[in-house]
Structures are given as C-alpha cells and as structure tokens.
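Heads up: the sequence shown begins at 2 in this note's numbering, then just goes up one per residue. From the three backbone atoms N, C-alpha and C, an ideal C-beta is built for every residue, glycine too. Because the structure is a prediction, the values reported are computed rather than measured. Structure first, then comments.
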Amino acid sequence: MPVITVTVEEDETTSSPNLIPPSPGTVPSATPFDADDTVTDLIDRIDAMPDVDSIYENMAGDEDPEFPQWVAGMQNLLAEIEKVKTAYDGLSKAQRALIDEEHTDKLLALADFAAMMAERMELDERGTLCAYIGSQGYSTLAEAFAAADSVDPMSPTVIELAFDQELLSAITPPADKCIKLTSQAGGPYTLLRSGGYTGSRASLISMSGGLLILENVILDGNGTVTGTASVENLIKVVNAELILEDETILQNNKNSAVSIQTTGSNTAVVTMNGGKITGNSASYGAAVKFTNSGNTKFVMNDGEISGNEAVENGGAISEGGYSAIPTIEIHGGTISGNAVTGTDSSSTFGGGIYSNGTLIITGGEITGNSVPSGRGGGIFKTGGASRPFTMTGGSVHDNIARTGNPSGGGANIFFNSGTFTMGGDADIPNEMYLRVKDTGSTWTITSALKHNLEIEGIGDDAVSNTLVATGAVSPAYTITEDDLAKLSYKGGAFDLVLDKENNQIKLAKPGYKVNYHLTGVEGENLLPVRVEIGQRLSVSFIATDGYKLEAEEVIVKVGGNLLTPGRDYQLNNFESNCAISIKAEKITGDVDITVVAEALAELTGTVTISGILKYDQTLTAALSESNNTGRLSYRWKRGENVIGANRDYITVKEDIGQVITCEISSTVETGSVSGSTKGVIARADSPVPEVTFAFDGEHANRLWGSDETMEYSLDRGGSWIVCADNTDLTAYLMSMTVEHGIQIRVKESETHVLGQVLTIDLAKGPSVTGVTAAGCTTAANQDGQLMGVTAAMEYKKSDASVWIPGTGSVITGLANGVYQVRARAAGTVLAGDSLEVTVGAYIPAPGGDTDDSSGSGDSGSSSGSGNSGDSGSSSGSSSGSTVEVILPSYTPPAVAPVDTNGTPDAPVTVKTEMKVPAGPNGNISVSIPDKAVEESIKKAAEESEKRGVTGRSVFVEIKINTGNQAVHSATVNLPKVTQERIINNQVSQFTLVLDSPDIVLGLNLASVQEFYKQANADIQISVTNLSGDSLNESGKALFETRPAYSLTASYWNPQKQAADTITGFGNGRLLLELPYRLKEGETAGAFQIACLREDGQIEYLPDSIYIPEREVYTVQLSHLSVYGIVKKKETGL
C-alpha cells in the first residue's frame, strides 16, 4: 500500500502548523519518565496530546507539501504515546485510581492508534517499493502515477502493483496522461480503502481527465468501515476515459462503484471489456451512476455486473436524466442478481438498469435482477421521444418486479415513455410492459422477430383497436404474419391483429380467424377475416352464372363439418346476391368455411389401393384428383362377390391368388370410380418363432412356446420333427451338440409360406475346478466326502447312470471309489467335461483303528493328523485326471494382543490358521472346521472373564495359509452349524484371510444372520482372480492391469432343486481388503475400489481407503459382484 515511514526517535522534532502536533511546543519532548514522576505529571502529559479524532481531522496526505513536517511531528507523537503508556503501566493500582476515566480512556485510545500505525501502515525506514514502471520502483502509488508520461492511448504508461495496499487518500492520475494500472505476477493485488482514510472517505481513484485502464487489479471499498464520514465512489470519472479489462474487480463499496460526470463541454466515457463490478450498495446506481448532465457514456462489451443493491433507481446502472442525454450501450456480458431494495413503489425502478437517456442493447444477458416493490426488474426505460431505446440483440429474462402485485410490474422490461425500437435477435420471452396507450410513446419493429414475446400490458384501460406496434419507416420494414404469430398478450386478455394497410399491430377482443373457400360463387367479403367470439357470420355472394341459388344447390362446411340448412345456417336470396348467415355456436375456433354452389356433377378421380398384397394384411382405398364434395362410400369386390364396405379391408384365405377391386361413390356427385390391386394376393410370411429353451429352470428341457404349427431340427436342418405344445426334448439331450444347436421354424400352410429358422445356439459347459475328495475313515467305507461341488455342478459314481445335483455343501456318506464331477447343463450351456475324483478306501493304521487315519487312492496315499496338526493330503488318478485331496486342520485359537487403553469393554479378537495347499491350477476348496470356531469363541469367553468384563465384542479370524502359493480360485464352505454358532454367540465379526493374494473378507454379525435367513443351509463363498481373458472388454478397460476379483456366495435350494445365489446382505456389511502395491510415480489417492455389475454398469466406491503399511485398499460392501482397483472417480454411479 502507498504509505509513509514513521520511526520513534529520541530527538525532539517540531511539527508544522495545521499538522499534528498543531503548533511547536504543543507536544513535550519524548524523554523517559524519571522514577519519581508523579501522577500529576502524567495527567499533564495526557492533556498535552491531541485525541484520536483530532489526529484524523488534521492528517496530511502524501501529496501535501507539508507532508514531511507532518511525518516528523507524527514520529514525535508516537514516541510520546509510547512513553506515557509505559509510565501508566508502571503505576500501582492505588496510583491508577487517582487518574479519572476521561484521561484513562484518552490514553488507551491513543495507544491503540499508535499500535495501528506501527502494524498496519508499515511506516518504517525500509522504503518498501509498492509500485513499478518498468524496473523503476516507487515507495508510494501517488509517486508512480505522478511519474507517468505517456499521452498515447495505444501505448499507455504501465504501472504494476507489487502487493496489496491500503489507501489513506485518493489517487489522482495526471489529467493529461494515458495510464494502465495492473498487478505484478501473483496478482491481482488489492487497493483497499483504509479505516483511517482522510476526510470524508473519498474515492480511491479520482480522475479529472486522461485515460486510465484497469486490468488484473481489485478496488475494495472496505464495506465494513463505519463512521459518520460519507463514503465516496471507488472511481470518479470526470472529463476522462476509464476502461475495465479482464481480472478487474470493483467491490464492497458503500456508494456507487463508478461515477461518471463532466464539466462544460467535455466528455466522460467508461468502457467495460471484462472484469466484475459486485457487492456494492448505494442510494441509486450501485455499480455505475451518471452524476450530472454532459456528454457521458457507459459501454459494456463483456464482463459481469452482479450482486449490487440500490435503495431507489438502478440496482446496477442508473442514469438519472439530465439536460444533456447520457448513453448506455450493452453489447455483451452479464447483468445479474442486482436489486432495488426500497419499499416506496413511486421511486423504486430498474433492478438491473434505470435509463432516462439513450439506451442501446445489441447483446449480453440481463437476468435474475429484482425490484420487489417497484417496476422494471430487468430494465426501466423512460425519458421521452428524444431519449430512444433500441434493442437488436441480447436477452432479458427471469427478472422480478412487484412481487406483491400479479401484474403491471414489467419484470423483464418496463417501457414507460419514449421511442422503443426492436428487431434483430432481441430476446424478451415475457413480462414486457409497454406504456404506449395514450402516452405518445411508440414501439417500432425494424426487422423480422426471431423469438416469441408475451406482452404484459400496454397501459391503463386497454381496449380493442389500441395501437401496439408499427413497422419501421426508414429503412422500411413490413410486419408479417410470422411476426404476429410470435407475439401474445398475457393471460389471453386480448388478441393481437395485423393491420396490413397501415403496417401496424393492434389489440382486439379474443376471437377466431376464418378463411373462406368459395366454389361456383363470387364472394364479396375479404378473405380471410377475423370474427370475435360469439359473433354470427354472414357470407355474401352471387352465383357465377348470375341466377338465384336454392338451398339444395348449396353446400356449407365449417372446419370440414357439413352444416344443415335451416338449423345451422340460413340461405337468403336478395335482388343482387345471396347471403348465408351461420350461427355463432358453429364457429368455435380458427376454422375454414367452404361454400359450394354449382350444379351436381358425375364423380371423377383416380382410385389407388395401398397395402401389402398378402394374406391377413390391411388394404386402403384412396380417391385423388376428384371433384367430390360429398361423403364417400366404398365397396370391395373379389370378382363379382362384394367382400367389404369400409375404406380399409383385411385380406382373408379366399383372397389368395385373386385380384381385389374397390368401387367408390359420393353422396353428392353421381356414378362411381374404381381401382384394383396391382397383382394377386399372396400367402403371408410366417413369423420367426418366439420360442425359448433352457436346460434348467421352470421350463427345463422344453421348447417353450412351441406348438403344432412348428417343427424343429437337432442336426442343423438335416431332418425336421413336428413340434407339440411346449415340446419336451429330455429324451434327446444326448443328441444335442454345440455344432448343431437347436433350430425351429413355422411349417408351410395354406395361408403362410415356410418360416424363417430360429437357431438356438448351444455352448460347451466349463471345466470343473476346485473339487477335492476325502477318503473313508472307517472300515465300513461309507463316510467319504466330496468338497467344492457347488450347486452349479453334478456328480455320480463312475459306474452309475444318474447324475446327482451338487448342494453347495460338503457331500458326505460316500462309498470309496471313482466319482465323476461336471458342470451342470444350464440355460443354453451343455454339461461340461467330467472330472474324475477318487474317494480312497479306509486303511487302518498299524496297531488298530485310531482317530488319526491314512488311506490311499487308486494309485496314491494319504496321511493326516488331528485337528491341530498340519494338513494331510491324498492323491489318486483315473482317466488321466489328478486332484489334490485337502484334509484341513488348524492351529490352536489364540487371542490377538490388543492395547485396551484402559477401556474395559475393548473387543476380543481370536485368530486361528488352516494350512491348505493350492492345487496344480491354483484352486482350493476348503470347509471351515466348526470345531475351530467353537474353540475360538470359548477362548474369547475365557479372555473376557480374565479381563473382568463379560459381554464384550468378539471377533473371530481364520487365515487360510497356502504356503504363499498363488491362489486363482478359492471356495470356502461355511457350514450351517457354524453360522448358528456365530449367531448364537453374537460374534461381532467373522473374518476370512487368504494369504496369497492377501484378500480379507470380514462378515459382520448382521451379514451372517442374513446369510442364515436366506439359505438355511451351508454357504459356499468363492473368490476368483480375474485376469487376462477372464474379463470382458468393459472389465479390461476399467481395471486395465490392476487386480480384480469375482466374489460370490451360493447354496443348494432343495425346493428349487437348484443352486441359489446370495448377492446382498440386508442391513449387514462385508469388509473387503484388496492388495495393491503402488508403482513408481503412483499415489494412493489416485485409485479406489470399484464394482463392475452384471448389467455392465460401473459403481465407484468413494469410501474406499488405502492402508499403506499393509499395501491394501479397503471398503465396506453391501452386495457381492466383481470388484477391483480402478483410477479414481470423485462421484458414484
């Protein structure tokens, strides 16, 4: 900011008269107090100092010739204030009590003033350079302006602000110079009116001539400044030119931001090419006001004027109307959100613009402005004929006026008086009030209107025939029907009609436009004509051959409806003509009236028949180039047989191979005309069968929708078999192949040709993975197990003929031997290739039967141990397939250490681990040992009792340790009994941990309860690593090379005899952790977890977070699907 430097010195400096101190000797020397200074001495020194108000009243500006003397005096005064305050602080409580309140308050106010001068004004000897012209720096902004020397508007002197500054007095640019004020890098910088502004709070910049360009600067009026002094404008433009460019803001002033005025014959122009004028308030014209008469102009090419408030006229711009005629031109930019807040409706006008001079608008947008108590929310224009309003572009819309009165406010434009010329691309959709009735004011249209416009009113007591608008005379423009169609009157109170003879638009009572079409007569009425609602119509005419017409020789239609003589209209014959008088109630809208008066003639015309010439198709007859005036009748014929009597005819079986004819006759003209089809009727195309097939479900193995009109083939059309209703193909399942699929078509018949073939493609079923077996453990050889047989699979012993559906649970009670497992046929997917798995026979251990057991497959061996030993395995081979047999065991449950921080109810976490080696394809299938969960819960109860608090939360965690073998697919069976144990013991969270990759699935109690409620059976939870071709194209595009996994949960539904899938957890939640090691240059915030749903939609999970110490992303899930790591998106689906 432009400031002076003040330092506290020990030597005495005398000030100049009229400055502070007022005269030599008024302020004592700034010497320290002696230890024995009395309270009286202190009071005398306080009396000798001026009060703060006097300092402000006598403060000098930095352009004052006596400013150096004032600075010296101010330095001495500040030193004195400091010494007196130090002495006061050193007094005892009893001594301070001897000083009255008046002297105490004065001293404290002076101390605050001194602190403000030291902290805010930065008046030290550092000589900070606040502005630059090129490389030359200046310590005050006034010095920089004084140094400006350019007189060339195209190459002004450029002054750059170096930092934000507070102004204590106005900047006065040289009256004959051209200057551009901007900011250095880091700007825009702010010029702020200081709280200590001298005198009345004058303008920040006061121009008396020259040119000033503002760019990338902020002028702030410090609207929070209070006091009795009046607040002036931010910029006063007198006999000068001001240009506002981009990044310029004029804001926060308690008076108009810009004042425009002249003296004598001078001119003053303000041009706004960019920037913003906002947040100012004034009595009128809070953004821009014209202060006096003269050649003044405001031009807006771009930028924004918003959020300003005036009490009276012109929330944004106010031109009060003086002897000279100021001009406002709007060519671009936005004027929005400004308001006139006064409540006197007689003096509150123009929420956006108040104009009493010349107003020209060619572009820009005026919207959202308001004058709640007055008129002209967007624009209020007045001033008489010599102060025109021209609008050839721009948009004025959605402004507000007279909120308490439903009409008469002119919310967008209130045109009060003068001449209003409009054309081009001007857009005023509604709420335009034109006070043109009985005022001498005019609205002139200069070119074709491009937008619809609803007129709110034209003045008091409007009546029919009141002039609204006139076409321009020079250059001439003729108002058209298209222009008229774009205009309307609010609420339909009046119609607008075009007086073509006078090139004018006038008001009319609501009515209808009627067109006459006369045949065989000569009309005397002008066509078309306008008829007011409720008016009887009279059509006068004479016959072309001159004789009087009788009623039967005349046909009258209104809007296509034939009228009845005598009832709907009256025919009168006069000496010179005839007249038809039509009743008013027959005219109910804009209509055509047809009058036909001529001798009856023979019907002529051409009959054409359109439609498809096939069975069960609609044929339509049409008569063209006809003299028909009556009602037509139709007669369809096949040979001599009449087969139809309407305009449309639907072909039947008997028409096949025949030509069809239609004869048309009229109720007025005589005779008939006929036409025939251009060929014979053919058989119809057979439809493509709407038949479905699936190997499973409610209609399993049936061609659902088939019937006896169809036939099917299982050998790609080699042979065809006639269908029955919903044909059952169970007996032919073994004949179905991927190569041939199923084909079905409609058979050929008398009415239909052979239909198109519908091919139902079949796919090969997937290979089975993740299935393991456990050998028999007793001599009975009847307790073998199959694990990993999902509900989507089926199994049988190799020598059996019937396949048994998988249940999704561990299959128990099996005899030893070779078993075949395959994917079940489902939908249109055939059963997959079978995998052979061996359930080993029981082999007793040496020394007799024990709990530990070993057995062998067909060519392998097995070994095992108790519940707390390492996993055992067995292997066998059959038909070339080999499978690992997983015998899960677990480590003793252990309580995880936790810092309770003195919290007695801290949760107890119990962890155990199962060692489960992965198969050759990276697949594992394991069942959770219920005994492990039971022991974990017991361990948690013991720990709770040990800690002295029961009922605390219990977390159970089971880690599946594969020995760091990479797992492609893992299926974990959660037995029903284990679910019940978790629920009955209120286990807060049951967590499964896979060690490679490090995936965590944490089921809270509510989700386990929901699983149990839905399934009431064992649950199979599967995690499959999706990579490469495992993903579809959208998945590859989404996850790229980052990890993605399919999460599913299923169970066997005995009612459906099929597998069911669980996707949601009700009110429960599943904690998911996915591993991801950030690559070089990647940040954790750049990624998140996302879901690729079955319908292909992507759901981004913004709540996912990254845990760096474990290199995982984690999130809470409400359903199962495909999840993976994606590039971050800020919002969800």
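Runs of beta strand (DSSP E) lying entirely within the stretch 959-1004, each at least 3 residues, in chain order = Here the runs fully enclosed are 970-975 and 990-996.
Cα-Cα separation, Thr-731 to Ser-714 | Put simply, the backbone Cα of Thr-731 is about 14 Å away from that of Ser-714.
Going by Cα to Cα distance, which pick from Thr-158, Asp-153, Val-152 and Pro-154 is closest to Phe-146?
-> Closest by alpha carbon: Thr-158.
Given Val-822 as reference, the closest of Gly-807, Ala-509 and Gly-814 once Cα atoms are compared = The candidate whose alpha carbon is nearest that of Val-822 is Gly-807.
Which residues in the same chain have their Cβ closer than 7 Å to the Cβ of Glu-1, if we skip the five residues on either side of it in sequence?
-> Here the chain covers residues 2 to 1134 and nothing more, so residue 1 does not appear.
When DSSP labels each residue in this structure, what does Pro-154 get in the three-state scheme?
-> Residue state, collapsed to three classes: coil.
To the nearest angstrom, how far is it from the Cα of Gly-409 to the Cα of Leu-454?
-> Linking Gly-409 to Leu-454 through their CA atoms gives a straight-line distance of about 16 Å.
Please confirm if the stretch 272-288 is in contact with the stretch 244-259, defined as three or more CB-CB distances below 8 Å between the two stretches.
-> Cβ pair count under 8 Å is three or more, so yes.
Is Cys-663 near Gly-676, with beta carbons less than 8 Å apart?
-> A contact, by the Cβ cut-off of 8 Å.
Inspect the CB distances between the stretch 1082-1089 and the stretch 1100-1120 and report whether three or more fall short of 8 Å.
-> Because the criterion of three Cβ pairs below 8 Å is met, the stretch 1082-1089 and the stretch 1100-1120 touch.
Relative to the alpha-carbon of Pro-898, which residue among Lys-558, Tyr-891 and Val-911 has its alpha-carbon at the smallest distance?
-> Selected option, being the one with the closest Cα: Val-911.
Would you mind stating whether Gly-394 and Ala-427 have Cβ atoms separated by less than 8 Å?
-> A contact, by the Cβ cut-off of 8 Å.
Which word fits Thr-619, buried or exposed, when buried means at least 16 other C-beta atoms lie within 10 angstroms of its C-beta?
-> The residue is exposed, with fewer than 16 neighbouring Cβ atoms inside 10 Å.
If we count the other Cβ atoms within 10 Å of its Cβ and call it buried at 16 or more, is Ile-1141 buried or exposed?
-> Given that the chain is displayed from residue 2 to residue 1134, the structure contains no residue 1141 and the question cannot be resolved.
Would DSSP call Lys-178 helix, strand or coil?
-> Judged by DSSP in its simplified three-state form, Lys-178 adopts coil rather than helix or strand.
Is there at least one Cβ from chain B nearer than 8 Å to Ser-371's Cβ?
-> Included in the structure is just one protein chain, with no chain B present.
Return yes when the Cβ of Pro-690 is within less than 8 Å of the Cβ of Ile-745, no when it is not.
-> Cβ distance < 8 Å, so Ile-745 and Pro-690 count as in contact.
Ser-860 versus Asp-800: straight-line alpha-carbon distance, rounded | Note that Ser-860 scores a pLDDT of 28, beneath 50, so its modelled location is shaky; the value from the coordinates is reported in the next line. Cα-Cα distance, rounded: 19 Å.
Rounded separation between Ser-666 and Val-530 - CA only = Approximately 35 Å, taken between the alpha carbons.
Is Lys-237 buried or exposed, if buried means 16 or more other CB atoms sit within 10 Å of its CB?
-> It counts as buried.
CA-CA distance, Tyr-1114 and Ile-1108?
-> So the alpha carbons of these two residues sit roughly 6 Å apart.
Enumerate in chain order the residues of its own chain whose CB-to-CB distance from Pro-998 is below 6 Å, with the five nearest sequence positions on each side excluded.
-> Contacts found: Pro-1076.
Look up Lys-1128 in the DSSP assignment and say whether it is helix, strand or coil.
-> For Lys-1128, the secondary structure class from DSSP, reduced to helix, strand or coil, is strand.
Along the chain, where does the beta strand (DSSP E) that runs through Ser-1047 open and close?
-> First-last of the beta strand (DSSP E) with Ser-1047: 1045-1054.
Check Met-60 in the structure and name its three-state DSSP category.
-> For Met-60, the three-state secondary structure derived from DSSP is coil.
How many Å lie between Ser-539 and Ile-480 at the Cα?
-> So the alpha carbons of these two residues sit roughly 29 Å apart.
Local Cβ density within 10 Å of Leu-109, reported as buried at 16 or more and exposed below that | The residue is exposed, with fewer than 16 neighbouring Cβ atoms inside 10 Å.
From the DSSP output, which residues share a beta bridge with Gly-410?
-> Beta-bridge partners of Gly-410 (DSSP): none assigned.
What residues match up with Gln-571 in a beta bridge as DSSP calls it?
-> Paired residues: Ser-582.
Neighbourhood of Ser-151 by C-beta, 8 Å cutoff - its chain only, sequence neighbours within 5 removed | These residues qualify, in order along the chain: Pro-157, Thr-158, Lys-178, Cys-179 and Ile-180.
Cβ atoms of Gly-316 and Gly-358: under 8 Å apart, would you say?
-> No, the pair does not count as a contact, with Cβ atoms beyond the cut-off.
Sort Ile-722, Glu-670 and Asn-574 by Cα distance to Asp-606 and report the nearest one.
-> One point to set straight first is that residue 606 is Gly, not Asp, in the sequence displayed. Checking every option, the nearest Cα to that of Gly-606 belongs to Glu-670.
Do Ala-311 and Ala-283 come within 8 Å of each other at the CB atom, strictly closer than that value?
-> With contacts defined as CB atoms closer than 8 Å, Ala-283 and Ala-311 qualify as a contacting pair.
Residues that DSSP places opposite Trp-705 in a beta bridge | Within the DSSP secondary-structure output, Trp-705 pairs in a beta bridge with Thr-693.
Which residue from Pro-908, Val-973 and Ile-329 puts its Cα closest to that of Ser-1154?
-> The chain is shown only over 2 to 1134; residue 1154 falls outside these bounds and no answer can be derived.
Take the Cβ of Gly-334 as the centre, count every other Cβ of all protein chains shown within 10 Å, and call the residue buried at 16 or more, exposed below.
-> It counts as buried.
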